[in-house]
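Each residue of the sequence shown is one higher than the one before, counting from 278 in my numbering.
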Amino acid sequence: MKFLYGLLLLTYGFFCWLMVGITGQYIPIRLDAAFLLIKQDYTGLWHYRVAFFIHVFTAIGALAAGFTQFSPSILRQYPRIHRFAGWVYVLDVLLFAAPSGLVIGYYANGGWTSQTGFCLLAVLWIFFTAIAVQRIRKRDIRAHRDWMIRSFALTLSAITLRAWKYILVAAFAPHPMDAYRIVAWLGWVLNLAVAEWIIYRRHKNRI
């Protein structure tokens, strides 16, 4: 079990490192780098620019802070760190990463299919995280943990949607916009399905 946890931690750290590399492409801030090269129709909109850079620079924080919430050792030995990182995660998601994601989701490539997928992702991300906060304030730890699992499953879409895009392109070589429409949903719906399975297993084992 320790080996598997260590392997998971290394894998997660590797993908977070890749995300840092992606984020670093926008430092210093410029409008002709990486993904923005194909968003030139929208970079002239001030609210899109603000939302984009807020999302890029805060989503990585949600990945880092959120992962700590599922460490039994941190929860058991360092509860203050658990609470502090939890509030960092919540504030990051609710005030910055998810609202900005909703804005840029409205302008997603691929038309209404992609736009609906990304906007729904942002709305559910806000909703799940807010419910998790409400549950812990009511001392309902079990429900809090369930909603945090759902919330973090959506946070992981930053990684999984890119992974699925690479897999789809390598395996099937679809048209770029078709691939984008698929990952707009696959990147988070499958995560949420896995989260529900984990929650189900946790509850079943307690019966």
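Think of the CB as a built atom: it goes at the ideal place given N, C-alpha and C, for glycine as much as any other residue.
Since we're looking at a predicted model, the values are computed, not measured.
- DSSP places T335 within a helical segment (H, G or I) once states are collapsed to three.
- Under the DSSP assignment, P356 falls in the alpha helix (DSSP H) whose first and last residues are P356 to L368.
- Non-local beta-carbon contacts of I459 in its own chain, meaning distances under 7 Å to residues more than five positions away in sequence, involve L445 in chain order.
- Per DSSP, reduced to three states, the secondary structure at Y303 is coil, with no helix or strand assignment.
- Going by beta carbons, Y303 and A342 fall outside the 8 Å limit.
- Taking the C-beta atoms as reference points, C396 is found no nearer than 8 Å to L371.
- The beta carbon of V333 sits closer than 6 Å to the beta carbons of T300 and Y303 from its chain, once the five residues preceding and following it are set aside; these are given in chain order.
- When the five nearest sequence neighbours on each side are left out, the beta carbons in the same chain lying within less than 6 Å of the beta carbon of M296 are those of I337, in order along the chain.
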